[in-house]
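Undergrad: Let me give you the structure first, and then I'll get to my questions.
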Amino acid sequence: MKVSLNELQSVCRKAFLGMGFSEGHADDAAAMVGWMQSHGLDGLKALHDGLEYVMASSTEGRPELVYEDADLAVVDGRELSVLASGNLAMELAYTKARVRGLSVIKIRHCRQRQLIMGYLARLADRGMNVTAFWRHAQSPLTEQVVGFRARSNVPSIRVYQLEEQPEEDAPNDGITIVMANHVDLLPTVRSDDEYALLARLDESDLLAVHQQSLAEGIGVDPDGWQQLKTLASQTLVEASEQSRAGAGPAD
Amino acid sequence: MTANALPLTDSALSLRPAATVMELERLGSFSPTRLSFARRLTRLMSDQGWRVSRSHFDLDDEGHGEAIYRLDTPAGHYHVVVFSQHLADAQRTDRVIAEAWDVTFGLVEGEVDAELMASLAANVPLQEAGRQHPRLLVISRANKSVRNFQAFVAALASGEQPSVTYLRESGYLYRTTAVYGNGKFGIADYDRLRQGTDFQHPFSAQMAAIYLLREFSVEQVEHIARCRDSQRVVDLAAPIRRYLGIGNSTGLGMAPFLINHPQLISQWVLVRERALALAISQQPDEASRTRLLALCTRAIAYLSETAIEDVPQATRNQVAHEELLQIVAWLEQLPLEDNSWAQLSEWALTHLSLETQELVNTLLIELYPAQVDALDDAMSVYEKLDLSPDMPLVQLKQIIETHFDWAIQEDYSNDEARYWFWYHSAEKEEPRLGVRGQEAGEEKELSLAVGPRVQRVYESLCAVLEAGPRSRTIDLLMAHPEYMSIVRRIQTMANTEYGEIRANLWHRDMKPMHLLRAKLSFLGAHRFDPRGDRWVRVAFFQGAPMLSDFGSAEASKETFDDWSFPLAPLGLEQASSAA
Numbered sequence: 002m003k004v005s006l007n008e009l010q011s012v013c014r015k016a017f018l019g020m021g022f023s024e025g026h027a028d029d030a031a032a033m034v035g036w037m038q039s040h041g042l043d044g045l046k047a048l049h050d051g052l053e054y055v056m057a058s059s060t061e062g063r064p065e066l067v068y069e070d071a072d073l074a075v076v077d078g079r080e081l082s083v084l085a086s087g088n089l090a091m092e093l094a095y096t097k098a099r100v101r102g103l104s105v106i107k108i109r110h111c112r113q114r115q116l117i118m119g120y121l122a123r124l125a126d127r128g129m130n131v132t133a134f135w136r137h138a139q140s141p142l143t144e145q146v147v148g149f150r151a152r153s154n155v156p157s158i159r160v161y162q163l164e165e166q167p168e169e170d171a172p173n174d175g176i177t178i179v180m181a182n183h184v185d186l187l188p189t190v191r192s193d194d195e196y197a198l199l200a201r202l203d204e205s206d207l208l209a210v211h212q213q214s215l216a217e218g219i220g221v222d223p224d225g226w227q228q229l230k231t232l233a234s235q236t237l238v239e240a241s242e243q244s245r246a247g248a249g250p251a252d
Numbered sequence: 007m008t009a010n011a012l013p014l015t016d017s018a019l020s021l022r023p024a025a026t027v028m029e030l031e032r033l034g035s036f037s038p039t040r041l042s043f044a045r046r047l048t049r050l051m052s053d054q055g056w057r058v059s060r061s062h063f064d065l066d067d068e069g070h071g072e073a074i075y076r077l078d079t080p081a082g083h084y085h086v087v088v089f090s091q092h093l094a095d096a097q098r099t100d101r102v103i104a105e106a107w108d109v110t111f112g113l114v115e116g117e118v119d120a121e122l123m124a125s126l127a128a129n130v131p132l133q134e135a136g137r138q139h140p141r142l143l144v145i146s147r148a149n150k151s152v153r154n155f156q157a158f159v160a161a162l163a164s165g166e167q168p169s170v171t172y173l174r175e176s177g178y179l180y181r182t183t184a185v186y187g188n189g190k191f192g193i194a195d196y197d198r199l200r201q202g203t204d205f206q207h208p209f210s211a212q213m214a215a216i217y218l219l220r221e222f223s224v225e226q227v228e229h230i231a232r233c234r235d236s237q238r239v240v241d242l243a244a245p246i247r248r249y250l251g252i253g254n255s256t257g258l259g260m261a262p263f264l265i266n267h268p269q270l271i272s273q274w275v276l277v278r279e280r281a282l283a284l285a286i287s288q289q290p291d292e293a294s295r296t297r298l299l300a301l302c303t304r305a306i307a308y309l310s311e312t313a314i315e316d317v318p319q320a321t322r323n324q325v326a327h328e329e330l331l332q333i334v335a336w337l338e339q340l341p342l343e344d345n346s347w348a349q350l351s352e353w354a355l356t357h358l359s360l361e362t363q364e365l366v367n368t369l370l371i372e373l374y375p376a377q378v379d380a381l382d383d384a385m386s387v388y389e390k391l392d393l394s395p396d397m398p399l400v401q402l403k404q405i406i407e408t409h410f411d412w413a414i415q416e417d418y419s420n421d422e423a424r425y426w427f428w429y430h431s432a433e434k435e436e437p438r439l440g441v442r443g444q445e446a447g448e449e450k451e452l453s454l455a456v457g458p459r460v461q462r463v464y465e466s467l468c469a470v471l472e473a474g475p476r477s478r479t480i481d482l483l484m485a486h487p488e489y490m491s492i493v494r495r496i497q498t499m500a501n502t503e504y505g506e507i508r509a510n511l512w513h514r515d516m517k518p519m520h521l522l523r524a525k526l527s528f529l530g531a532h533r534f535d536p537r538g539d540r541w542v543r544v545a546f547f548q549g550a551p552m553l554s555d556f557g558s559a560e561a562s563k564e565t566f567d568d569w570s571f572p573l574a575p576l577g578l579e580q581a582s583s584a585a
């Protein structure tokens, strides 16, 4: 079935509220999923595949800071969804980049890492150059690099195959994000000669998908959609005679 | 009349302060102006030469079936598709929980082929329960004013014009009960409309759909009358056609819009205030005095002949009627000075009711179309609440104290100040008001009341600042992630000229009707007739040109541009129509 972007974000927002997210976190999580889905990046699939993590994260609105200095922060994601507190971690990095010109933040042990792109888009739209990368623990080992230019809310995305797995990256459940206030960060941080390029999406590809979403609606899985509506219904109050009184004429 | 050069900046204009304008009761006294979206539509249709043709009209003798109107603008083409069905009287309700209506309709972008028509026929009549096509820009539904409808059919079928007495009480044959845009139930997102040229302006697609329903209402009633007696039938006389509007029944469902779109509402108010300041800054002359007198006289007649059921509103109208008579006397007697309009506005502010004050402002804005209409395009705004996490906390504190003083001064622990709570009912997710501590659902309260949220932030902020005077906004949010939404809102709205609606939406004395009227005035609704404190009936396009006027050599510029405060046509009841 097809839904509109506004409808998708609205239902997601209510679903997150229904799960127990605070208002701001529900707004942001819905925007992240909506951004992903409307750009063809399967935000809903990522949401549904990790729904247990999202629900477990619903009351965790605060990133756990492991280390912080003026330029750098390390956050423990505690195996929770980036939808829960990824926004605050990103705002922390944004603040450091605004103040110092450049910042690096590492979120360790987090789930649904793809969805962070939906928030990075907002930061880029606010004038920040952003590059994020993370590795997938699969065979072969791959690394995804996402680069946003300042004032552009669509990224370039590259997926590379890595030859060897460095020891320090064994868990493969973290994200590294670099933000620069004035410097244009390149989305390609490695040479194509050394690492095989497995997938590539450019800004124009993503913009075209977004336009198509606006023109034709966004395809969603009916069962998943119903699941979101059920979660959203937890924000509703059952009607009663008392509640109907004053709700309009019954002519 | 003399027109001064357009001041280019707000600083060159004497804008009224936010503390005055954004007070809820004042917003709830606004009357539609020439910048209102209904007025803008007919101006645009005339200026750009929009063409409308009826491409399909398949109704049975009772007026049930389908009709399609094609709309061609210089930039694109659209269709309004109408489905009319029999509706038992028992099913006819204005409540949002209704499941069937006399007519349902939608505005479609582009062509309507058989496949799309089948999709529309299967879903548009279901409204919220349907899965709507993404090429639909608007869907809506309307119920008949049964008394007017029957009287019109009976009169026309017997060769007579209907009595306009009925129209003075409710100026329409149909009233819409919801008009949906912006992606609702699968229709096109507003983001898509923003990329085009015809419906970028807020609610312009909705206005176009309602306008064409008005045309359908006339053609349908004439069709039924013709089927009833093809020998004696007459067409509806042109003056009565123009006096017909489209009604609208609106309840609390409209209220959250004003809170959830603060940037848009602030911008609408800013444009209206710019228009008023521009008008007041003009140098009056005899032509503008004569014009203002004519407008006052028409408004007086409108208030006099418009029947309003709601006693408080009828009383306000009566007071405005009497006060406008005082203004007429003032205008007739006082010598004109350079600042006469400022004097008039000031006198109204200090001596007249809110209703009259804002009515006078509407009339002043009406005087200077050349200056005011140029502001039309500024009604749109890209809505985006942005966080500034690096903002020093001391600056955020100052912003709150400057722009949200009304919010932090309230004592929300007082029972009166925390009387209401807002929630969404499981019945079609309709917004409702409950009494705190008495009605169920408080734990699922909507956070529509901005004031208490700002106060909570302020209190926490002071504590964080005390511990760390050099703290930034991010430090507050790391300690209180739950403030993300409201801090974003505070920082964004502090950068707007008019900011937030200044009201405690929890307070027992809060009137949600003011929220409804504020929005309805910008849309262009008149004949404001509250039903209780949470429901209102209004009319759109009463007095507006009909489609036939757009191609008519007899139609003047005033036909398209000067139809506020419509007056009932007289002496047509017994005349056979030559329209």
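The listed protein sequences correspond, in order, to chains Z and H. The opening residue of the first sequence carries number 2 in the numbering used here; numbering runs sequentially from there. The opening residue of the second sequence carries number 7 in the numbering used here; numbering runs sequentially from there. Beta carbons: idealized from backbone N, C-alpha and C, even for Gly.
Is it a yes or a no for the segment 24 to 36 of chain H touching the segment 517 to 532 of chain H, going by three-plus beta-carbon pairs under 8 Å?
TA: Enough Cβ pairs lie closer than 8 Å, so yes.
Undergrad: Can you list, in chain order, the residues of its chain with a C-beta nearer than 7 Å to that of Leu232/Z? Leave out the 5 residues immediately preceding and following it.
TA: If we look at Leu232/Z and ignore the five residues flanking it on each side, its Cβ neighbours are Ala16, Gly19 and Met20.
Undergrad: Which class does Gln145/Z belong to by DSSP, given the choice of helix, strand or coil?
TA: Residue state, collapsed to three classes: strand.
Undergrad: Gly440/H versus chain Z: which residues are under 7 Å apart at the beta carbon?
TA: Neighbours of Gly440/H on chain Z, chain order: Ser244.
Undergrad: Got a sec? Which residues, its chain only, sit under 7 Å from Thr79/H by beta carbon, not counting five neighbours each side?
TA: Excluding positions up to five away in sequence, the list reads Gln54, Trp56 and Asp204.
Undergrad: Can you tell me which residues form a DSSP beta bridge with His430/H?
TA: Pro437/H.
Undergrad: Mind checking the segment 197 to 230 of chain Z against chain H and listing, in chain order, the residues whose C-beta falls within less than 8 Å of any C-beta there?
TA: Listed in sequence order: Leu215, Ala216, Glu217 and Gly218.
Undergrad: So the candidates are Tyr95/Z, Arg63/Z and Leu142/Z; which of them puts its Cα closest to the Cα of Ala133/Z?
TA: Of the candidates Tyr95/Z, Arg63/Z and Leu142/Z, the one whose C-alpha sits nearest the C-alpha of Ala133/Z is Tyr95/Z.
Undergrad: Residues of the segment 95 to 107 of chain Z in Cβ contact with chain H at a cutoff of 7 Å, in chain order, please.
TA: So the close ones are Tyr95, Thr96, Arg99 and Val100.
Undergrad: With Ala122/Z and Asn154/Z assumed to form a contact (beta carbons below 8 Å), what rounded beta-carbon distance in angstroms separates them?
TA: Correct: roughly 4 Å between the Cβ atoms.
Undergrad: Looking only at C-alpha atoms, which of Met51/H, Arg49/H, Leu47/H and Val86/H sits nearest to Phe63/H?
TA: The option with the nearest alpha carbon to Phe63/H is Val86/H.
Undergrad: Excluding the 5 residues flanking Ser174/H on each side, which residues of the same chain have their C-beta closer than 7 Å to its C-beta?
TA: For the record, residue 174/H in the displayed sequence is Arg; it is not Ser. Answer for Arg174/H: Glu311, Thr312, Ala313 and Ala574, listed in chain order.
Undergrad: What residues in the segment 119 to 131 of chain Z bring their beta carbon closer than 9 Å to a beta carbon of chain H?
TA: Residues passing the 9 Å Cβ filter: Arg123, Asp126 and Arg127.
Undergrad: Note the first and the last residue of the continuous alpha helix (DSSP H) segment covering Tyr172/H.
TA: Tyr172/H -> alpha helix (DSSP H) spans Thr171 to Glu175.
Undergrad: What does DSSP give as the partner residues of Trp226/Z in its beta bridges?
TA: According to DSSP, Trp226/Z bridges with nothing at all.
Undergrad: Anything in the segment 308 to 324 of chain H with a Cβ closer than 7 Å to a Cβ of chain Z? List those residues in chain order, please.
TA: From the segment 308 to 324 of chain H, no residue has a Cβ closer than 7 Å to chain Z.
Undergrad: Counting only runs of 4+ residues fully inside the segment 466 to 526 of chain H, write out the alpha helix (DSSP H) ranges in chain order.
TA: Complete alpha helix (DSSP H) runs here, min 4: 479 to 485 and 490 to 499.
Undergrad: Can you give me, in chain order, the residues of the segment 468 to 483 of chain H that have a beta carbon less than 7 Å from any beta carbon in chain Z?
TA: Listed in sequence order: Arg478, Ile480 and Leu483.
Undergrad: Who pairs with Tyr178/H in a beta bridge, going by DSSP?
TA: Gly251/H, per the DSSP bridge assignment.
Undergrad: Could you tell me the distance, in whole angstroms, from the CA atom of Glu80/Z to the CA atom of Asp43/Z?
TA: If you take the alpha carbons of Glu80/Z and Asp43/Z, they lie about 21 Å apart.
Undergrad: Of all Cβ atoms in chain Z, is any one closer than 8 Å to the Cβ of Tyr429/H?
TA: Chain Z, which has a Cβ nearer than 8 Å to the Cβ of Tyr429/H, makes this yes.
Undergrad: Are there 16 or more other CB atoms within 10 angstroms of the CB of Gln212/H, so buried, or fewer, so exposed?
TA: The residue in question, Gln212/H, is buried, as its Cβ has 16 or more Cβ neighbours within 10 Å.
Undergrad: Go through its chain and collect everything with a Cβ distance to Gln269/H's Cβ below 6 Å, but skip five positions before and after it.
TA: The residues are Val387 and Glu389.
Undergrad: Between which two residues does the alpha helix (DSSP H) containing Pro375/H stretch?
TA: Run containing Pro375/H: Pro375 to Val378, per the alpha helix (DSSP H) assignment.
Undergrad: Put Gln243/Z into one of helix, strand or coil per three-state DSSP.
TA: In this structure, Gln243/Z counts as helix in the three-state DSSP scheme.
Undergrad: I'd like to confirm the pairing. Which residues does DSSP put opposite Arg109/Z in its beta bridges?
TA: Note: Arg109/Z sits in a beta bridge opposite Asp77/Z.
Undergrad: Under DSSP, the alpha helix (DSSP H) around Ile314/H begins and ends at which residues?
TA: That residue, Ile314/H, is in no alpha helix (DSSP H); it is neither H nor E in DSSP.
Undergrad: Suppose the cutoff is 6 Å on Cβ atoms and the five residues either side in sequence are ignored; what does the same chain contact list for Ser431/H look like?
TA: Once the five neighbours on either side are set aside, the close Cβ partners of Ser431/H are Arg438.
Undergrad: Can you look up Thr362/H in the DSSP assignment and give me helix, strand or coil?
TA: Of the three classes helix, strand and coil, the one that applies to Thr362/H here is helix, per DSSP.
Undergrad: Would you decide whether Val4/Z is buried or exposed? Buried here means 16 or more other CB atoms lie within 10 Å of its CB.
TA: Buried, by the Cβ-count rule.
Undergrad: Hey, His327/H and Leu355/H: beta-carbon distance below 8 Å or not?
TA: No, the Cβ-Cβ distance between His327/H and Leu355/H is not below 8 Å.
Undergrad: Step through the CB atoms of chain Z and report whether any lies within less than 8 Å of the CB of Glu590/H.
TA: Any question about residue 590/H goes unanswered here, given that chain H covers just 7 to 585.
Undergrad: Could you compute how far the alpha carbon of Ala446/H sits from the alpha carbon of Asp539/H?
TA: One C-alpha to the other measures close to 20 Å.
Undergrad: Could you give the distance in angstroms between the alpha-carbon of Asp316/H and the alpha-carbon of Leu365/H?
TA: In a straight line, the C-alpha of Asp316/H is about 19 Å away from that of Leu365/H.
Undergrad: Run down chain H in chain order and give the residues with a C-beta less than 8 Å from the C-beta of Thr236/Z.
TA: In chain order: His430 and Lys450.
Undergrad: Using a Cβ-Cβ distance under 8 Å, would His40/Z count as near chain H?
TA: No, His40/Z lies away from the interface with chain H (no Cβ there is under 8 Å from its Cβ).
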